[in-house]
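Step one of this worksheet: look at the structure below.
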Amino acid sequence: MAEVVFDQASRIYTPGAKPAVDSLDLTVADGELVVLVGPSGSGKSTALRMLAGLEPIDAGSVRIDGRDVVDVPSKDRDIAMVFQNYALYPSKTVAENMAFPLKMRGMDKEERGRRVRQAAEMLGLTDFLDRKPKAMSGGQRQRVAMGRAIVREPQVFLMDEPLSNLDAKMRVQTRAQIAELQNRLAVSTVYVTHDQVEAMTMGDRVAVLADGKLQQYATPPELYDRPTNAFVAGFIGSPAMNLLDLPRSSTGVTLGGVEVPLPREISDAAGSRDRITVGIRPEDWVLESTDADAGSVIKAVVDVVEELGSESYLYAHLAEDTSTSIVVRGPGRVKVRFGDPIAVRPNPEALHVFDVETGQRLP
Amino acid sequence: MAEVVFDQASRIYTPGAKPAVDSLDLTVADGELVVLVGPSGSGKSTALRMLAGLEPIDAGSVRIDGRDVVDVPSKDRDIAMVFQNYALYPSKTVAENMAFPLKMRGMDKEERGRRVRQAAEMLGLTDFLDRKPKAMSGGQRQRVAMGRAIVREPQVFLMDEPLSNLDAKMRVQTRAQIAELQNRLAVSTVYVTHDQVEAMTMGDRVAVLADGKLQQYATPPELYDRPTNAFVAGFIGSPAMNLLDLPRSSTGVTLGGVEVPLPREISDAAGSRDRITVGIRPEDWVLESTDADAGSVIKAVVDVVEELGSESYLYAHLAEDTSTSIVVRGPGRVKVRFGDPIAVRPNPEALHVFDVETGQRLP
Amino acid sequence: MTTTLERPAPDKQAGGAPMIDRAEGWRRRAPLLPALIFTIIVTQIPFLLTIFYSLQSWNLVRPGSQSFVWFQNYADVFTDSQFRQVALNTVVMTLGSVLIAVALGLVLALLLNRQFFGRGVVRTLLITPFLITPVAAALLWRTVLLDPTLGLVNFVLSPFGASGTEWISEFPLASVMAALVWQWTPFMMLLLLAGLQSQPTDQLEAARVDGANSWSIFRELTLPHLRRFIELGVVLGTIYLVNTFDTVYMMTQGGPGVASANLPFYIYQRAFLGFDIGQSAAMGVVVVILTLIAATFALRLLFRTFSGEEEAA
Amino acid sequence: MAVTTSTPPDERTPDTAEGAPEPRRRRGNAVDVWLGVIAWVVGIAFFFPVFWMVLTSFKTEADAYTPTPKIIFEPTLEQYEGVFSSGIGPYLANSVGATVISTLLVLLLAIPAAFALSLRPVQKTSDVLFFFISTKMLPVVAAIVPIYVVVNEIGALDNIWTLIVLYTGMNLPIAVWMMRSFFLEVPGELLEQASIDGAPLWRTLREIVLPIISPGIFATALICVIFAWNEFFFAVNLTAANAGTVPVFLVGFITSEGLYWAQLSAAATLAALPVVIAGWVAQNKLVQGLSFGAVK
Amino acid sequence: GCSGAGALGTAEGVETVTVAIVSNPQMEDAISLSPQFEAENPGIRLRFVSLSENEARAKITASVATGGGEFDIVMISNYETPMWAQNGWITDLEPYMARTPGYDRADFIPTVRDSLSYEGRMYSVPFYGESSFLMYRKDLFEQAGIQMPAQPTWPQIAEFAARLDQGEGQRRGICLRGKPGWGELMAPLDTVINTFGGRWYDPQWQAQLTSPEVRRAVQFYVDLVRTHGQPGASQSGFSECATQFGQGQVAMWYDATSAAGTVEDPEESTVAGRIGYAPAPVVATPSSGWLYSWALGIPQTSPRKDAAWRFMAWMTDRQYIQRVGQEIGWTSVPPGSRQSTYANPEYQRVSNAYAPLILQGLQRANPQQPTVQPVPYEGVQFVRIPEFQDLGTRVSQQISAAIAGQISVDEALEQSQNYAQTVGESYQR
Ligand SMILES: Nc1ncnc2c1ncn2[C@@H]1O[C@H](COP(=O)(O)OP(=O)(O)OP(=O)(O)O)[C@@H](O)[C@H]1O
Ligand SMILES: Nc1ncnc2c1ncn2[C@@H]1O[C@H](COP(=O)(O)OP(=O)(O)OP(=O)(O)O)[C@@H](O)[C@H]1O
Ligand SMILES: [Mg+2]
Ligand SMILES: [Mg+2]
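Residue numbers (my numbering), protein chains in the order written: chain B, 13 to 375; chain G, 13 to 375; chain F, 162 to 474; chain E, 381 to 676; chain Y, 120 to 548.
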């Protein structure tokens, strides 16, 4: 139950090299679940480990509940952490695993047992308390790791890709459980993942990292609707936003031989640039009849159709410009197949525009 | 370039125990991509390995291109396989890895080189031919494994969870690539995955396995629209279909104190049963105003909101019956938060109904 | 084809499959045979002969003394108080050295399992005793280190008034054990170091976050993790040390009396100084039986250790 | 002097404007340094006897026998000349021969055996393994009498091949065990992939498996070399003039008419040198081998 | 082809004679001179296996007893020769000697010659012979004002030792062997037992090791070495004592006469030239020196007996003594084998301090009647029965333990008596 503040915090593994985490500024409000997301090597784990006290903080500071923890060892920071491979103690039973942090804090045996049983009940682990981790499935181990974190009732939860060792089905289930649990316990949580779906579904706020630098820190809808740069735009959303590098025309841009008008404020923001990067989410294409007039729709040829039941994704390349590929969301049931022609039109209201060079959002 | 037939094929690991694959009947048409999907331990890998000749076939037969291969050793079955961890030969370079099956077949060096280069080009591996697998990223290794499979120009491709070692982003990219490649080469392919999204997006047809038994074998839309039983219904689709065990009423069923009418043909099929299992996909709920009349809408309280940008999922429990949880798909942007009340109504056209005991589809 | 399908599954099993299995089985087993046969010939036949000789009275230096005496030799072995003394020495020497070496090895492994300047050099220095030919090592200990007048140990201890100690005659068993410990500690250190380095770091980090201090981490996590390696060290060390011959031979010749003699040396003496083939064979058989009893326990341990490992892998 | 990964204060990124806190230090730095010093002290203590042996080997006998040990002296090679002129040559040759040939034989026998044992269908795998390792448990000394008698009967006393055979038998069980654990580390899919690719068993072994486990083979070989080189019991009892190995030479070197420490040190140094160097060079592999592949 | 392939790199074509010897300075000299022999006899190559005494004895006995055939020449002593001759393990050398012109059999010292004979025929030829005597530091005795009697007694020696002992860590009074082994500790101790009137067996083969005489003798020996003896006594044998005495760390040393060559060698000894010699101390017998000879024999199994003899003859004839004297030095000649050596003026010049004493010791030694009372065995410092190697060694281990202070003398003798009794029983029937 504490506010966590990263204040220009940096970590430099190899002196002289690029920092793994570069002057990170981030505030996690009390009780909030913040997700750190970013591609591999972007410094997510490092940031988390700095907070946990597992990595030194080479510059700046980190504060938990107002206290600078730079020189505070892990064990005194009152945090709990869930690791990617759960880091369960293989020689201990589930109950012993969960009781370990309490034992280390000198809690008496009875109280330990009580708390462990309570957490086990909450997580449906009561029947497994005497098992060794080896004898449990991935999902069960994950829950034990969660249990070990929650018995502590710490100030902050830290989780480093806690779901990545689970299968897809399990992951979807568990992420809802974790989110719900965190809601209930209202413990400030920093959650690391490289999966943007997880980030979007779980985070109260999401911090997108790339190359050790914070790209954007916002709520999921904001991230989705107004990505601050092309990186975030491409990273958030699945399938990814179509990012097309297009030449300007008088009223907008030219795409596949078709004139796409841009809304006024975007046009203004784009200024005198020759080319701009236009981002169109798969769901922001409108599928038109293939008979439509050539000037008003963009013709494309389907490469792959992915039918998910509730919707479908068409991977296609433009008829005019075969090197440009686009992804279009279609309805649950589409008739088109590999090689079929389609005609699409972007929804002009939902366009994102970025600078070609810097990738910064334009309007 | 061959038809693959499983004909009542079974595999019993431990004599006396339940078969890992139980009288499997399955036909893969020439050039088709069939996905075997199912939960862990359902026998997918075993079935694939029977086809590959890595497991004996204890009963029934397997035919490739009309030839019974029960007693044919792997190497003479003219198949290529891609393993989950790629099984690249660590001591060989990429080129040597890809050339190895050709070398074993006594192909001369020049021809080998030609084929390897050709495959490498197709997969964008030309620059890596002299690298060892150790020095490559997961995605690149995956492509090498694909390359090793395609140089052979075999009759059948077998792939056992070939994407599960890739990260989420990579997986989405690569699955489209594989589907496209298979389309182009038109080699009959059996693809194993436990991820129903992969199954739905990649398969011409999908075979759902559970406990060694084939549950349903159909195209993805059919699987989604008409699952033959509650297992398939729950397995296909993400988040999973809401499966609710409900008491019959005069015109339909009672859900959360509300009378939900059933279409006539379903009602007829349900016959005199007291209770039936009703399946409602998350997108088949209609969100109503919470002010609506208590009798016509189902009231629920939100536990978790997952906002994916393009859509959102509301995990809620019924107000009337707190032990029943439902998942509801909402629009990209919803205002509701944890603890908010919502009101929903199922789309009666899209209901799936199953027998409570057997799980069989009713109409 | 359908008829095949109608047939019950075991039928098919009974038909073609086992034949293939048998041929396949032999094909896979064949590579094992040379090693197996070789081992049987080299190790088992001599043991059978040992049993045969143990039933005879046969002194090499008295020609014509060979005759069957059945279990007389065994009776003599069991009434030989020296033999009991030597058996006890063997246990003390073997287990004592192994346990001390493991304990020291653990301390050294912990010291080396951290970053410090010149770690590689220190490790290299530490492993050297293990590589030294035992004969040379024993000579080294007997002369350069433990000699009462010229030895380094007494020289180093002389400021403390302990000079002139005749280590080898006053503490013969301890002296031999010191040499053995010196040689085997590096082995244990290497093994345990490998064990330490195989401990997943995330477990250690988890423990730190969970509030454990270094000692708790060691006791609660590291030690259980190392157990398998400690067992392996004890078993391997015992296998080799129970056969110690060179060190005893070179350092003390088992003396004074039999104070530092172990079974291998004692049997050697009976065989190659006493030339009493029957007696020494009988002792050999007794030793084999005792070792087998001990080994069964040790092997259980080893097997558990290794099957556990396979499970984990 | 301990090297830590912390960044010196001056290397911090300069733009830590406001908070610009105090220099960062690593906790327990002093303790780290002290433990490092202790490690050094212990390492030197363990090594010192060896160092002293080497040092002594460069002394004259007079310098070697001083009640106050001499560190400063005029080094001489006369002891080594003495050792070589007293005929260590054939013994070295025998040691090298027995060690190399027996190690090669061990590998030749153990690789196929371990491969077979690491594959699934050999029945009674654990019985066979049990047998192998149990032969290691039996004290050699119990068999020395019949071995002596048998070897004598077939006229193979003092024959280097006798030692080679015995050393092979001595090292084989451990080698099979070690190699099997290395083989087990080879992912099964690789073998399956190879069989799908159409490679016969021996080719799979040669082209796929052996390159992967070559560090393991190396470690195994090294351990066989160490034990064969240092073996004394068989050598002293079964050899005389022709087939004596270096440890036997060392024993013969202790003349009954006077212990010459310096010369002895030179001989001991020469005896230990090959294995010590091999061990130093390959210490990482050694660790891997000694832990039976339990460590990746 | 395994025959002859015993070693890697064996030279083929010439006859290789393998010689098993006990490594001692005289043998090292012989090895260093042996290229001359090879030069004179191009068809013969020599290969030496030199081992320390204990190892050599074990190895040679095992090889000869089992017909192992590794050796063509073995170095054995007057302990083994008659027994092995009786067993037919070694070759009668009389025909060879007779065939060899100038090989003067009669020149061997008679007691030595007899001890190497079986039924009057020599089965091994002596390389050197030794008795035992007492060496002492003349300079120290002078300083302390002690006069060494012409025939000292053990109590006198004990008193001198006490007076010359400077205490722990400094110069001690005497060096006496304490290292187990019948050829080590047992040799001097046996002479002490004999002269105290003790014996191993009575004529009925009853073991006598707990008799009062033996007790007294052993107690005396152990006490002397424990109170005034060298450090590390239970581990020191001939070599260790040679070092101690040569480095001036003890004032007296009772040991083999062959030690003279070593301690008088200024290269190895810091006390050369300051040493006095006295006959073996006595108590109840008129003399107590032992009789021992390292000799060379040919195992019956050797297929190269002629070549072997050629070398043995070369090594034990008069010319060899000359050769060593001229090429290596007269202090180094192997003593105690030939009477002519003692008549050689050059030898007399360097060895007059001790040579007469050695000759006298050898001539007075009486293996048939070593002690006061009658015994059923032969030998001064050993009992010539095959079991003695083992028995003597086992007993010596006990005494060595007593010297180390691990057990008491009584306990040691009790245990020894058991061993001896068991052995004795097999001779009673
Ligand atoms: N111990 C280390 N020593 C040196 N560099 C390191 C270390 N750990 C991480 N790095 C580097 O720091 C950067 C950030 O690594 P970090 O592990 O924080 O990334 P991440 O975002 O967690 O990636 P992933 O999703 O792969 O876990 C990377 O470039 C990495 O190579
Ligand atoms: N070698 C084996 N011996 C005995 N039983 C086995 C063996 N391999 C698999 N099984 C059993 O056969 C059943 C099917 O296993 P299989 O590996 O085919 O499942 P799967 O569908 O591939 O699962 P996953 O998604 O986890 O890979 C399981 O119950 C499994 O325990
Ligand atoms: Mg990470
Ligand atoms: Mg599988």
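Don't be surprised by glycine CBs; every beta carbon is placed ideally from N, CA and C. Values in this document were obtained by computation on a predicted structure and should not be read as measured data.
**Study point:** C-beta contact flag for residue 336 (chain F) and residue 307 (chain F) at 7 Å
**Key:** yes
Practice item. State the beta-bridge partners of residue 357 (chain B) as determined by DSSP. Key: B:298
Review point. Beta-carbon of residue 272 (chain F) versus every beta-carbon of chain E: anything under 7 Å?
Key: yes
Exercise for review: Out of G:261, G:239 and G:270, point me to the one whose CA is closest to residue 255 (chain G)'s CA.
Suggested key: G:239
Practice item. Report yes if the C-beta of residue 53 (chain G) is less than 6 Å from at least one heavy atom of ligand 2; otherwise report no. Key: yes
Exercise for review: Measuring only between beta-carbons, confirm whether residue 293 (chain F) sits less than 7 Å from chain C.
Suggested key: Looking for chain C here will not work: the only protein chains present are B, G, F, E and Y.
Check your understanding: So with Cβ pairs under 7 Å, would you call residue 229 (chain G) a contact of chain E?
Key -> no
Point to revise | residue 57 (chain G): CB within 6 Å of a non-hydrogen atom of ligand 4 | key: yes
Check your understanding: Just to confirm, does residue 206 (chain G) get its C-beta within under 6 Å of one of the non-hydrogen atoms of ligand 2?
Key -> yes
**Study point:** Own chain partners of residue 84 (chain B) with C-beta closer than 7 Å, once the 5 adjacent residues on each side are dropped
**Key:** 65
Check your understanding: Straight-line CA distance for residue 357 (chain F) to residue 387 (chain F)?
Key -> 7 Å
Review point. Which class does residue 200 (chain G) belong to by DSSP, given the choice of helix, strand or coil?
Key: strand
Practice item. Determine the direct distance from the alpha carbon of residue 517 (chain E) to that of residue 456 (chain F), and round the result to whole angstroms. Key: 6 Å
Check your understanding: So is residue 236 (chain B) in contact with chain G if we call contact Cβ pairs under 7 Å?
Key -> yes
Check your understanding: Using 7 Å as the limit for Cβ to Cβ distance, is residue 572 (chain E) near chain G?
Key -> yes
Check your understanding: By the criterion of Cβ-Cβ separation under 7 Å, what are the contact partners of residue 113 (chain G) in chain E?
Key -> 577 and 578
Review point. For residue 519 (chain Y) and chain F, any beta-carbon pair shorter than 7 Å?
Key: yes
Check your understanding: If you draw a straight line from the C-alpha of residue 240 (chain F) to the C-alpha of residue 246 (chain F), how long is it?
Key -> 11 Å
Exercise for review: Decide if residue 101 (chain G) is buried, meaning its Cβ has at least 16 other Cβ atoms within 10 Å, or exposed.
Suggested key: buried
Exercise for review: Mind reading off the beta-carbon distance from residue 649 (chain E) to residue 433 (chain E)? Whole number of angstroms is fine, and I expect it under 8 Å.
Suggested key: 6 Å
Review point. Quick one: what does DSSP say residue 528 (chain E) is sitting in, helix, strand or coil?
Key: helix
Practice item. May I ask you to list, following chain order, the residues of the stretch 301-329 of chain G that have a beta carbon less than 7 Å from some beta carbon of chain B? Key: 315, 316, 318, 319, 320, 321, 322 and 327
Practice item. Determine which residues of the stretch 339-359 of chain Y have a Cβ less than 8 Å from any Cβ of chain F, and write them out in chain order. Key: 350, 351, 352, 353 and 354
Check your understanding: Skipping 5 residues on each side, what residues in its chain have a beta carbon closer than 6 Å to that of residue 372 (chain B)?
Key -> 241
Exercise for review: Starting from the beta carbon of residue 166 (chain Y), find every residue of chain E whose beta carbon is closer than 7 Å, and list them in chain order.
Suggested key: 621
Review point. By the criterion of Cβ-Cβ separation under 7 Å, what are the contact partners of residue 364 (chain F) in chain B?
Key: 99 and 101
Practice item. My understanding is that residue 203 (chain B) touches residue 219 (chain B), with C-beta atoms under 8 Å, so please give their C-beta distance in whole angstroms. Key: That pair is no contact at about 10 Å.
**Study point:** Identified DSSP bridge partners for residue 251 (chain Y)
**Key:** Y:375
Point to revise | First through last residue of the beta strand (DSSP E) which encompasses residue 271 (chain B) | key: 270-273
Review point. Do residue 410 (chain Y) and residue 475 (chain Y) come within 7 Å of each other at the CB atom, strictly closer than that value?
Key: no
Review point. When you compare only the Cα positions, how much space is there between residue 29 (chain G) and residue 279 (chain G)?
Key: 40 Å
Point to revise | Selected residue, minimal CA-CA separation from residue 466 (chain Y), among Y:449, Y:515 and Y:288 | key: Y:449
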